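The structure under discussion appears below in the form of structure tokens.
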Amino acid sequence: MAAKPVPLQVLYCPVCSLPAEYCEYGPDFEKCKPWLIKNALHLYPDLVKEAAEKTAEQLEGMKVSPDAKTKGSTSESKPEEVKKLPGGKVKKKVRFDDSIHTMSIEEKPEVVVEKIVRNKRKCVTIIKGLEMFGVKLSDASKKLGKKFASGASVVKGPTEKEQIDVQGDIMYDIVEFITETWNNIPESAIYFVEEGRKVPAVG
Amino acid sequence: MFKKFTSEEISAQNQVKASVQRKIRQSISEEYPDLEPILEELLPKKSPLIVAKCQNHVNLVVVNNVPLFFNVRDGPYMPTLRLLHQYPDIMKKLRVDRGAIKFVLSGANIMCPGLTSAGGALDEDVPAEAPVAIMAEGKEHALAIGFTKMSAKDIKTINKGIGVDNMHYLNDGLWKTLHLD
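Those protein sequences? They're chains A and B, same order as listed.
Here UniProt numbering is used: the first residue of the first sequence is 1, the next is one more, and so on.
Here UniProt numbering is used: the first residue of the second sequence is 1, the next is one more, and so on.
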């Protein structure tokens, strides 16, 4: 065990997020096909024929006589993108920057307001996500503290994210306050957490 | 188990005490000795280790917002599939035949005949109640992580019913949870 095992790079399909070889069992094999033809042809050699037939049917701009030409062009572009190692392993960086991934990771900015009850009748209102609108949290906490005449502090959340804790229940007019103070935050981007579920503040 | 897992099912996320971190690290390295040299990279001592508690007594070990391991109650820690794909040799492997892939990928437990048939393969010295990687016939990567219900020998002799519980499979809720925040 002298050498460290090197992390293996697995080729994941950006469409269904599965490893390429499992696309055929994925939720939407049809949609994966174009990507597979480009990037993981060796796993599904039949796809080219299928695709060639299709293009021949549709004749989308390309006047290609089926099979031969399509096959040639795809296999030409292959070596650039996929390096096939001996053993049939595919060496390729996992592409996290693909649009689908970023969509799921980086959600649209929103402000989440949550109320946590402690000691039965005392509570703390937690406001998360203000920083996504370019609001300085320390300024915001000062403003909140002034407006509601209570303690308001910037606290590090469980996962390195900063949030503002305000003492007392201020759910009733937090929405108004946020939209008035920071004009770039629309009402529709503010959510309440009620019974563990996210509920839009308006509507 | 993670069929409908979403980040909303996490009831609490805590940065755990150093002693708990040590314990987690120890039990992982005991379970997967091959992982030890890279454990320091996976779970750096410096960066905070977060344990997310979810429903059904599931715990996720999260580092830098990425779930890496999970366990049930006080059971053994198991790597997530994304981690296993990077280090495929850390777990004992069982292989199922082609016909079973479809069912495993929709969350079914692994039945004995799928392991004993021609396309399947068994590692003889897998005991009962152990975490295993489920591979598939003709495929290179693991498709699920399971927890054996009987030992490999029993699977061969009894050849009936559930052999391995399916804990985590491709495209289930945990698979789709790339990041937690």
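All residues carry an ideal CB built from backbone N, CA and C; glycine is no exception.
In this text, all values refer to a predicted model and were calculated from it rather than measured experimentally.
Less than 9 Å separating the beta-carbons of residue i and residue j?
i	j	result
Q163(A)	V155(A)	yes
P14(A)	Q86(B)	no
L11(A)	K33(A)	no
I10(B)	L83(B)	no
I101(B)	E137(B)	yes
residue 215(A)	C23(A)	Residue coverage of chain A in this structure runs from 1 to 203, which leaves residue 215(A) outside it and unanswerable.
V132(B)	M91(B)	yes
G120(B)	D97(B)	yes
L180(B)	V62(B)	yes
M1(B)	N166(B)	yes
V166(A)	G151(A)	yes
T6(B)	T116(B)	no
Q13(B)	K46(B)	no
Sort out for me which residues DSSP pairs residue i with in a bridge.
i	result
M78(B)	F70(B)
V126(B)	Bridge partners of V126(B): none, in fact.
L94(B)	I134(B)
S153(A)	D165(A)
Q13(B)	A52(B)
Y172(A)	According to DSSP, Y172(A) bridges with nothing at all.
P19(A)	Y12(A)
I38(B)	DSSP, once it has assigned bridges, lists no residue as partnering I38(B).
R197(A)	E194(A)
I110(B)	V164(B)
A121(B)	R95(B)
Leaving out the 5 sequence neighbours to the left and right, which residues in its chain are closer than 8 Å to residue i when beta-carbon positions are compared?
i	result
M171(A)	V113, K115, T125, F192
P27(A)	C16
Residue i CB to nearest chain A CB: under 9 Å?
i	result
E124(B)	no
Y77(B)	no
P88(B)	yes
N171(B)	yes
K176(B)	yes
L143(B)	yes
L115(B)	no
I38(B)	yes
N139(B)	The sequence given here has Lys at residue 139(B), not Asn. It does: the Cβ of K139(B) has a partner Cβ on chain A nearer than 9 Å.
K102(B)	yes
L49(B)	no
F2(B)	no
H168(B)	no
L43(B)	no
H85(B)	yes
E8(B)	yes
Check for me: the alpha helix (DSSP H) holding residue i runs from which residue to which?
i	result
M135(B)	Careful: M135(B) lies outside any alpha helix (DSSP H), inside the beta strand (DSSP E) at 131 to 136.
C32(A)	29 to 39
D89(B)	Counting along the chain, D89(B) falls outside any alpha helix (DSSP H), and DSSP gives it neither H nor E.
L43(B)	Here L43(B) belongs to no alpha helix (DSSP H), and DSSP marks it neither H nor E.
K153(B)	152 to 158
Less than 6 Å between C-beta atoms, sequence neighbours within five positions excluded: which residues of the same chain meet that for residue i?
i	result
P79(B)	F69
Q21(B)	L49
S65(A)	In this prediction, S65(A) has a pLDDT of 47, which is less than 50 and means its spatial position is unreliable; nothing more can be read from the coordinates.
K128(A)	V112, Q163
K31(A)	V15
K93(B)	A133, M135
I28(B)	Y77
H101(A)	Unreliable positioning characterises H101(A) in this predicted model, as indicated by a pLDDT of 43, which lies under 50. A coordinate reading is not provided.
Residues in its own chain within less than 7 Å of residue i by CB, not counting five upstream and five downstream?
i	result
G178(A)	It should be noted that the sequence gives Ile, not Gly, for residue 178(A). Closer than 7 Å at the Cβ level, and outside the excluded window around I178(A), lie V111, I185, I190.
Y169(B)	V104, L105, G107, L143, A144
E131(A)	L137, E162
V117(A)	C123
T112(B)	It is worth fixing the name first, because residue 112(B) is Cys in this sequence and not Thr. I155, I158, N159, K160, G161, G163.
F133(A)	P109, W182, N184, I185
If you follow the beta strand (DSSP E) that residue i is part of, which residue opens it and which one closes it?
i	result
G99(B)	No beta strand (DSSP E) holds G99(B); the alpha helix (DSSP H) holding it covers 98 to 104.
V62(B)	58 to 63
F147(B)	144 to 148
C123(A)	122 to 128
E114(A)	111 to 118
E194(A)	190 to 194
G163(B)	162 to 169
At the 9 Å Cβ level, is residue i part of the contact set with chain B, yes or no?
i	result
I120(A)	The sequence shown places Lys at residue 120(A), rather than the Ile named in the question. Not an interface residue.
G134(A)	no
H42(A)	no
K69(A)	Low local confidence applies: a pLDDT of 45 at K69(A) is under 50, so the model's placement there is unreliable, with the coordinate-based value given in what follows. Not one chain B Cβ lies under 9 Å of K69(A).
E21(A)	yes
Q167(A)	no
G26(A)	yes
P200(A)	no
S17(A)	yes
L36(A)	no
V113(A)	no
K91(A)	Low per-residue confidence applies at K91(A): pLDDT is 45, beneath 50, and the placement is therefore not dependable enough to give any value.
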